[in-house]
Amino acid sequence: MSSKKSDRRRFLKASTALAAGALGAKSGLAAEAANEPKAGPRNYANLGERSRFVTTARKDDYLNRLYPSKKVTPLQDLMGIITPAPLHFVANHSVPPDIDPREYRLLIHGMVDRPMTFTLDDLQRMPSDSRIYFVECNGNGAPGKHGMSTARPEKTPSENVQDIHGRTSCSEWTGVPLSVVLNEVGVQKGASWIVSEGYDSQKYSHSLPLSKAMDDVLLAYGQNGEPVRPEQGYPVRLLAPGFQGPESVKWLRQIKVVDEPYVTREEISMHSYLSPNLQGKARWFHFEMPPKSVILRPAMGQQLPGKGYYEITGLAWSGGGAIRRVEISVDGGRSWKDAKLQEPVLRFAHTRFRFNWTWNGEETVILSRCTDERGTVQPALAEFSKRLGAPKDFWRTSSVFHFNAIQPWKIERDGKVSDAMEL
Ligand SMILES: Nc1nc2c(c(=O)[nH]1)N[C@H]1C(S)=C(S)[C@@H](COP(=O)(O)O)O[C@H]1N2
Ligand SMILES: [Mo]
2 MSSKKSDRRR FLKASTALAA GALGAKSGLA AEAANEPKAG PRNYANLGER
52 SRFVTTARKD DYLNRLYPSK KVTPLQDLMG IITPAPLHFV ANHSVPPDID
102 PREYRLLIHG MVDRPMTFTL DDLQRMPSDS RIYFVECNGN GAPGKHGMST
152 ARPEKTPSEN VQDIHGRTSC SEWTGVPLSV VLNEVGVQKG ASWIVSEGYD
202 SQKYSHSLPL SKAMDDVLLA YGQNGEPVRP EQGYPVRLLA PGFQGPESVK
252 WLRQIKVVDE PYVTREEISM HSYLSPNLQG KARWFHFEMP PKSVILRPAM
302 GQQLPGKGYY EITGLAWSGG GAIRRVEISV DGGRSWKDAK LQEPVLRFAH
352 TRFRFNWTWN GEETVILSRC TDERGTVQPA LAEFSKRLGA PKDFWRTSSV
402 FHFNAIQPWK IERDGKVSDA MEL
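Just so you know, we're using our numbering here: the sequence shown kicks off at 2 and counts up by one.
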């Protein structure tokens, strides 16, 4: 209680200092004339660009060596909840297509009354909606990533939070609800699944329960107010909110309505996994992403200039719906306090959290833990491992998908921030 009070007092002190600084700047206005910037361009390009001083960018995912063009989002540089389209992470399993929208066709067939082919125009004439949803790769944040052993030679050490957790992004997606299109073709009795295929070289395909398809899945052609980017599936992709990224098939070519899941190449070879509690069976058709939060500033790869006030900020999201609570610990998990959730807090969207912190300059570990609308709490690594029946050294040689263990960041006395996950 008393520590809460003194925290607040310290924060007030910090904000008074900020205010004084602002005043100082004001009185200095006239004298600062020498610092006037150079003139900008006389005119701006019709397609705007960011300031030449802004350098944040995606990075190659280390699996780039196996698949072309995998990129991770610079989460640590994002400001609110939306990921700018040029920074959206990319996960491609084969060579992506280059589609002329005039030639684009989407076939819907299988257990339907009227099999139909839709052009992009056809889809854009139908009732539409815009919704803010995250897309997260099922391998995001997993030790060794993508279900691969940390011992594999491809493994390159992570430099920052982007390398570990940058396979999630959040956009405003615009499109036709898939239910509208399925009602148009008339789904037959007995149908229970859909199988979707992309136009990429390997004909990427995945199975999805019909109940989800009829619920909140979008055929998205818009991303943050512009057409979906080529990397994200131009001109049309599926967007299955809250479900693992692989369900959101890009460059959508066909949807077949069926009465059982197909066992597609990706489902068997890429998106299934083994874990000790499965006793030799593989887990697949694991759809919903679990609740997860990550502190993005301060985070691994960053350097705190010295003790004093910091805003701890990061993102939380869940395939279970909306985020209800994010708690922060600045003492290695001994005590927790609620972070402030910034509005809007939306179902299946990134949620921004903020927390006032004064660092005393001592070595410590900071952590975040979220709870979603169902009351599911993000687990610590020990608990996550226990649920899987994973022995203590499991993560040295193995990995799984849907990894959502609490991420601890260690702050050293010199201000260096590093990964403190004890794998
Ligand atoms: N057609 C097609 N769709 C695809 C993929 C793909 O390789 N081809 N990759 C999937 C995977 S593994 C993920 S995690 C998401 C990533 O979406 P993004 O590249 O837009 O971030 O797309 C999914 N949809
Ligand atoms: Mo993925």
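All residues carry an ideal CB built from backbone N, CA and C; glycine is no exception. Here the structure is a predicted model, which means the values were calculated and not measured.
Would Lys204 be called buried (16 or more neighbouring beta carbons within 10 Å of its own) or exposed? Within the sequence shown, the letter at position 203 stands for residue 204. Burial call: exposed.
Any heavy atom of ligand 2 within a distance shorter than 6 Å of the CB on Ala92? The count along the sequence shown starts at 1 and reaches residue 92 at position 91. For ligand 2, at least one heavy atom lies less than 6 Å from the Cβ of Ala92.
Output yes if chain B places a C-beta closer than 7 Å to the C-beta of Phe119; else output no. Absent from the structure: chain B. Only one protein chain is present.
Quick check: does the Cβ of Gly234 come within less than 6 Å of any heavy atom belonging to ligand 2? As a working note, residue 234 is residue 233 in the sequence shown. No, the Cβ of Gly234 stays beyond 6 Å of every heavy atom of ligand 2.
Asp415 to Pro242, Cα distance in whole Å? As a first step, residue 415 must be located in the sequence shown, where it is residue number 414. As a first step, residue 242 must be located in the sequence shown, where it is residue number 241. Using only the alpha carbons, I get a separation of about 41 Å.
Between the C-alpha atoms of Val409 and Val327, what's the straight-line distance to the nearest angstrom? Taking the sequence shown and counting its residues from 1, one reaches residue 409 at position 408. Taking the sequence shown and counting its residues from 1, one reaches residue 327 at position 326. Per the sequence shown, residue 409 should be read as Pro rather than Val. In a straight line, the C-alpha of Pro409 is about 14 Å away from that of Val327.
Measuring alpha carbon to alpha carbon, tell me which residue in Phe90, Gln379, Pro231, Lys417 is nearest Ala406. For the purposes of this step, residue 406 is taken as the residue at position 405 of the sequence shown. That would be Gln379, whose Cα lies nearest to the Cα of Ala406.
Do you know offhand how far Arg53's Cα is from Pro87's? Within the sequence shown, the letter at position 52 stands for residue 53. Within the sequence shown, the letter at position 86 stands for residue 87. Answer to the nearest angstrom: the Cα atoms are 15 Å apart.
Classify Met112 as helix, strand or coil using the three-state DSSP reduction. Counting from 1 along the sequence shown, the entry for residue 112 is found at position 111. Here Met112 sits in coil by DSSP.
Sheet register partners of Leu219 (DSSP bridge): Reading the sequence shown from its first residue, position 218 is the one you call residue 219. The partner list for Leu219 (beta bridge, DSSP) reads Pro178, Leu240.
Please classify Ser336 as buried or exposed, where buried requires at least 16 neighbouring CB atoms within 10 angstroms. Translated into the one-based positions of the sequence shown, residue 336 becomes position 335. The residue is exposed, with fewer than 16 neighbouring Cβ atoms inside 10 Å.
Do Asn184 and Gly302 have their C-beta atoms closer together than 7 Å? Here residue 184 refers to the residue found at position 183 of the sequence shown. Here residue 302 refers to the residue found at position 301 of the sequence shown. Against a cut-off of 7 Å, the Cβ pair of Gly302 and Asn184 comes out as no contact.
Let's test the definition: count the other Cβ atoms within 10 Å of the Cβ of Val331 and tell me whether it reaches 16, buried, or not, exposed. What you label residue 331 is simply residue 330 of the sequence shown in a count that begins at 1. Buried, because 16 or more other Cβ atoms sit within 10 Å of the Cβ of Val331.
Nonlocal neighbours in the same chain, by C-beta distance under 7 Å from Ser249, ignoring five residues either side: As a first step, residue 249 is located in the sequence shown; it is residue number 248 there, counting from the start. Excluding sequence neighbours, Ser249 sits near Val136, Arg238, Leu239, Leu240, Ala241.
Excluding the five sequence neighbours on either side, which residues of its own chain have a C-beta within less than 6 Å of the C-beta of Asp420, listed in chain order? Taking the sequence shown and counting its residues from 1, one reaches residue 420 at position 419. These residues qualify, in order along the chain: Met301.
So, under 8 Å CB-CB, Val177 and Val113 are touching, yes? Tell me the CB distance rounded to an integer number of Å. The count along the sequence shown starts at 1 and reaches residue 177 at position 176. The count along the sequence shown starts at 1 and reaches residue 113 at position 112. Not really, about 16 Å apart at Cβ, beyond 8 Å.
Kindly indicate which residue of Arg353, Asp339, Thr365 has the alpha-carbon position closest to the one of Gln77. Counting from one through the sequence shown, the residue named residue 77 turns up at place 76. Here the closest residue by C-alpha is Arg353.
Leu79, DSSP secondary structure in three states: The residue labelled residue 79 in the question sits at position 78 within the sequence shown. Leu79: coil per DSSP, three-state reduction.
Find out if the Cβ-Cβ distance for the pair His351, Ile82 is shorter than 7 Å. For the purposes of this step, residue 351 is taken as residue 350 along the sequence shown, with counting starting at 1. For the purposes of this step, residue 82 is taken as residue 81 along the sequence shown, with counting starting at 1. Yes, these two residues count as a Cβ contact at 7 Å.
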